[in-house]
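One structure is given here, and the rest of the page talks about it.
2 protein chains.
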Amino acid sequence: MSYFDVASSAPLHPVARQALQASLDEGWADPSRLYREGRRARLLLDAAREAAAEAVGCRADELVFTSSGTRAVHSGMAGALAGRRRVGRHLIVSAVEHSSVLHSAEAHEDDGGAVTEVGVDRGGAVDPEAYAAALREDTALACLQSANHEVGTVQPVARVAEVCRAAGVPLLVDAAQSLPWGQVDGGWSLLTGSAHKWGGPAGVGLLVVRKGVRFAVRGPVDERESGRAVGFENIPAIVAAAASLRAVRAEADAAGVRLRELTERIRARVPGLVPDVEVVGDPVRRLPHLVTFSCLYVDGETVLHELDRAGFSVSSGSSCTSSTLTPSHVLRAMGVVSEGNVRVSLPSGVEEAEVERFLEVLPGVVRGVRETLGAPVGGGDGAAEAVTVDALGMSCPLPVIELAKAIGRVRVGGTVTVLADDEVAAVDIPAWCWTQEQEYVGERPADRGVAYVVRRSS
Amino acid sequence: MSYFDVASSAPLHPVARQALQASLDEGWADPSRLYREGRRARLLLDAAREAAAEAVGCRADELVFTSSGTRAVHSGMAGALAGRRRVGRHLIVSAVEHSSVLHSAEAHEDDGGAVTEVGVDRGGAVDPEAYAAALREDTALACLQSANHEVGTVQPVARVAEVCRAAGVPLLVDAAQSLPWGQVDGGWSLLTGSAHKWGGPAGVGLLVVRKGVRFAVRGPVDERESGRAVGFENIPAIVAAAASLRAVRAEADAAGVRLRELTERIRARVPGLVPDVEVVGDPVRRLPHLVTFSCLYVDGETVLHELDRAGFSVSSGSSCTSSTLTPSHVLRAMGVVSEGNVRVSLPSGVEEAEVERFLEVLPGVVRGVRETLGAPVGGGDGAAEAVTVDALGMSCPLPVIELAKAIGRVRVGGTVTVLADDEVAAVDIPAWCWTQEQEYVGERPADRGVAYVVRRSS
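What follows is the structure, given as C-alpha cells:
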C-alpha cells in the first residue's frame, strides 16, 4: 500500500507516539489541581505550550490548544468577529479556504453579518490588491490560508497581512497545511493549525491570538485554556502534538527538497503519460509534497477506486469539504477542470519506487475508466456549421465527453452547442475549452437546462 | 502517594491504554475516505460507537463522540434549546449541576432565554415535585445530573424524567459521574458523559440524543459525527474510551461494594476523629466511591496543601467550577458548611491501608490548621446578655471562628451578633448554628457588611 494522502491526515509520527505513551502516566490529572498529580500535568502542559509557541513563532501566552483544527478556526473566527463587532460585521475570506473557514463565514452571514469572497487566479493564488479592494470601513476580520489544501498553492500571506494591517484589520491565517513546513511569515493577527496534519495525534488544534488583537470568547464560559478552548485538557495528545511538530520541523528542509523533486516528477510526466490532463495549482509557489491534476472524460471517484485497488490511497476534489460544497469549490474558483481530479500528497518517508509505480499504474487506470465511459479519441474532421448536443440529464463527465465527440463533427469556425442541466458543466465546459484550445463563446438559459456554446478554433 | 480524586479525573485504565496503543496504527486516517486506511478507521469508529451505545443503553445512531464532556453538555443543551425554540425559551436546571450546565444556562440567559433553578435538600437531592412545579408552557428543556460531582448524591432521574415526559419536555442528563457505575434508568431524552472520568483518555465525550427529540445544531456546519460534533474524529482515543467503559462496567458491581464499604468507613469515623465536622451528601442514595465532609474553623485550601504533603490528593469545594462560582455553589445550595471542605473520591484499586492511613493523618492535619488560625476550643459559660463581634474585613473561616469564640461569652438565651462582609459568612454562620445546635435568628444589613444574629440555645 502507498498512502499518498497526508494532506488529509498523516500517520502518527514516531516522536508523537513516543511522547504520547510517555505522557500517559503523567498527563491524566487535572492541571488546575494543586496536588502532586495536578502539578505534574501542569508542567507537561506548560512545556508543550512553550514548544508549540516556539515552532509557530509566537508567545506561549498567545497560543491555546483546541480540540481540533476545525474548532480552532470556528473559535478563532467567532472570537475575532465578536471582538470587533463595534467596528462592523464585514468578513473577508478567499474563495479557496478550507470548509471550516467557509462554513464559519456562512454562519456569520446567517447571523446577519456580511461576507466578501476574494477570488483566485488560475493557479489558485489570491491577489493582495483584491484584499485591499475588499476592505471596508466596517471590516472586522479577513481570513487567508497559508497554502491551499487541494492544490498546494502557497498564498501571499505576508503581503495580504500588510494590506490588512494598514487598514487596521486583523488577518486570521489557516496554517493547517503549511505549519509542518515552517513558520508563517508576516504580520498576521490570528493563526490556526491541526496536529494530525503534521503527524501529531487527532484531537489537538492550535489557536494563536496575537497580543493586542481584540477577541471576545463566544458561548458558555469555561476556565480552561484562557477561556478560549472548552473542556478538560487532553495533555498526552497535546504533548505528542508539540513534540512531533518540533520533530517534523527538524526534518522539513531535507524532506522538502526530496518531496519537491518527486512531486515535480509527477507534474512533469503525467501530461505525457495521460492524454487530456490538466495539472493544476501554482507550479512554483507551492507546498513541496502535494500535486493535483484533473483528467478529462473520467469521474474522480471511479479513478480513486481503481487506484485504491492498485494499492494507492489518494483523494479527489475538495478534501474535507462537506457534501454541500462538492464538487470542489477550490477547482471551481480556479476555473480549472474538476472532473477526474486526483490529489497526491506524499508522506516524508515515501520511496521513489512508489512514485514510479504510481506513474506506471495511472495511465492504464485512466484509460480503463475512459473506455467504460466511451470517451472520445479526439480529432475528427467534420464539415457541419453548427451542431447541438443534448446532454440533458447527463452528469459529469458525460456532457464534456459529448462535447468532445461533437467538436470533430463541425468545421473549424463552426460551433457546438451543448444542452446540459448538470451544474458541473458550467465549470468543466469552459475549462475543457481552455485545455483543448477551443473558443468558449458563452452560455445562455435554454428551455431546459443551459446552452453552452463552443466554437472550434483548431 | 494516594490519589483520592477520581471524581476530578481518573488515571488511564489499563484497557484504555491497551486499546489506545492498538488503534494508533489503524485509527489515524480520515474515516470518511474511501481508500483502505479510511475504511479501516471507519470500522474502528463504528465498532467503538456500538460498544459505547450498548454501555449507555441507546442506539448507536443516537450517540456521537464529542471532544470532551463539557463540549457534549454545551452542544447538547444548545441543540435541544434551539430545536424547541418554537415552544419557548425556558430552561430548568438544578442548583447543583456541573459548571458546564450552569454556564450554558448563563449563556442562554444572556441570549434572552429564561432559566429556573431548582433547589435541593440538605442532602443535595432535588425533589421531582419541584421540577413539576418549575415546568411551564414555554419550557424547552430540563437538565438534571445523574449524581452530584461534589457530594455524590444520586438524583431521582427516573422520576424527574417521568414528570418532564408527562409535560412533553425533554430531559438532559449529565451522567459524567455515574456512567462508570451503570446505565441511567428512566425516560431521559439527552445524555452526556466524559471518558476521563471513567479511566478513558481525555479528549472524548459522549452526547446521546434519543430518536424523536428535536435537536438543531448550532454554529458552523461540519459533516462529522452526524453534524453534532465538529472536527476530525479522534479515533484511537474514542476506541480507548469505549473499551474502557466496557471494562469498568464489568468491574463496577464488585468495585462498588468494596468502595462503598471504604467510604462508609470514612463517613462513620471522621466525625469521631475530628471535632466540629459535618459529613455532607445523602448517606444512602450516593455514589459508592465518593465522600465529602466539611471541617469548621479551617480553610479547605490549607487542608489540601497539608494532605498533599502527607501524600493524599483530594479536592475541596466545587470541582471543575470556574472561580466565578467558588465557593462551592453545590454546598451553598445544600445549606451545609462550606469551610474546610474535603472531597474524597477513591479509585477502584485503592488499598484498604491507604484509607486507614488517611484516617490516621486527617485529625492531626485539621488540628494543626485550627491551631494556626486560633480556632476555639468550644464550651465556655459566659453571663452576657448580648455580644457583638466585629468580623468586618475577615474572610472565611475567621468570622465563624469569632462567632464560636463569642458564643461561650453569653448565657443560654443570650445573643451573639456577628458583623461580617465576607459573603461566605451567609452560608457558614447558619450552617454552623445547625451543626452546633444553636439558634440562627437571622441577618440584617448593617452600616458596614451584614449583621448575623445567633441565640445560644445550649
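If you read the sequences in order, they're chains A and B. If you use our numbering, the first sequence corresponds to residues 148 to 605, in order. If you use our numbering, the second sequence corresponds to residues 148 to 605, in order. Just so it is clear, CB atoms sit at the ideal spot from N, CA and C, and this is done for glycine as well. Predicted, not measured: the structure shown is a model, and the values here were computed from it.
Interface flag, residue i vs chain A, CB-CB below 8 Å
i	result
residue 460 of chain B	yes
residue 217 of chain B	yes
residue 502 of chain B	no
residue 600 of chain B	no
residue 275 of chain B	no
residue 187 of chain B	no
residue 296 of chain B	no
residue 330 of chain B	no
residue 180 of chain B	yes
For residue i, the three-state DSSP class (helix, strand or coil)
i	result
residue 182 of chain A	coil
residue 505 of chain A	helix
residue 437 of chain A	strand
residue 587 of chain B	strand
residue 471 of chain A	Caution is warranted here: a pLDDT of 37 is assigned to residue 471 of chain A, below 50, making its placement in the model unreliable, and the coordinate value is therefore given only provisionally. In the structure shown, residue 471 of chain A sits in a helix (DSSP, three-state: H, G or I).
residue 174 of chain B	coil
8 Å Cβ cutoff met for residue i and residue j
i	j	result
residue 227 of chain B	residue 319 of chain B	yes
residue 265 of chain B	residue 277 of chain B	yes
residue 154 of chain A	residue 492 of chain A	yes
residue 204 of chain A	residue 354 of chain A	no
residue 545 of chain B	residue 536 of chain B	no
residue 175 of chain A	residue 343 of chain B	yes
residue 403 of chain A	residue 430 of chain A	no
residue 380 of chain B	residue 523 of chain B	no
residue 463 of chain A	residue 447 of chain A	yes
residue 214 of chain B	residue 390 of chain B	no
residue 272 of chain A	residue 310 of chain A	no
residue 243 of chain A	residue 480 of chain A	yes
residue 443 of chain A	residue 499 of chain A	no
residue 288 of chain A	residue 302 of chain A	no
residue 187 of chain B	residue 173 of chain B	yes
residue 563 of chain B	residue 601 of chain B	yes
residue 538 of chain A	residue 513 of chain A	no
Closer than 8 Å to chain B by CB, residue i
i	result
residue 184 of chain A	yes
residue 382 of chain A	yes
residue 541 of chain A	no
residue 379 of chain A	yes
residue 292 of chain A	no
residue 477 of chain A	no
residue 446 of chain A	no
residue 481 of chain A	no
residue 175 of chain A	yes
residue 253 of chain A	yes
Spatial neighbours of residue i in its chain, beta-carbon cut-off 7 Å, leaving aside the 5 residues before and after
i	result
residue 331 of chain B	293, 304, 320, 322, 325, 338
residue 529 of chain B	555, 556, 557, 558
residue 449 of chain A	516
residue 267 of chain A	241, 242, 243, 273, 480, 481
Cβ-based neighbour list, residue i, same chain, cut-off 8 Å, excluding 5 preceding and 5 following
i	result
residue 439 of chain B	297, 298, 299, 426, 427, 428, 488, 489, 490, 491
residue 406 of chain A	435, 436, 493, 495, 497
residue 540 of chain B	568
Sequence-distant residues of the same chain with beta carbon closer than 6 Å to residue i, five excluded per side
i	result
residue 94 of chain B	With chain B covering 148 to 605 only, the question about residue 94 of chain B has no answer from this structure.
residue 341 of chain B	216, 323, 352
residue 336 of chain B	317, 318, 357, 360
residue 604 of chain A	585, 586
residue 532 of chain B	561
residue 161 of chain B	none
For residue j and residue i, the rounded distance between their alpha carbons
i	j	result
residue 409 of chain B	residue 501 of chain B	10 Å
residue 159 of chain B	residue 231 of chain B	38 Å
residue 417 of chain B	residue 543 of chain B	22 Å
residue 466 of chain B	residue 270 of chain B	Because residue 466 of chain B sits at a pLDDT of 39, beneath the cut-off of 50, its placement in the model cannot be relied upon, and the point is left open.
residue 587 of chain B	residue 483 of chain B	14 Å
residue 225 of chain A	residue 364 of chain A	8 Å
residue 421 of chain A	residue 511 of chain A	9 Å
residue 598 of chain A	residue 478 of chain A	22 Å
residue 591 of chain B	residue 474 of chain B	22 Å
residue 454 of chain B	residue 190 of chain A	21 Å
residue 349 of chain A	residue 388 of chain A	9 Å
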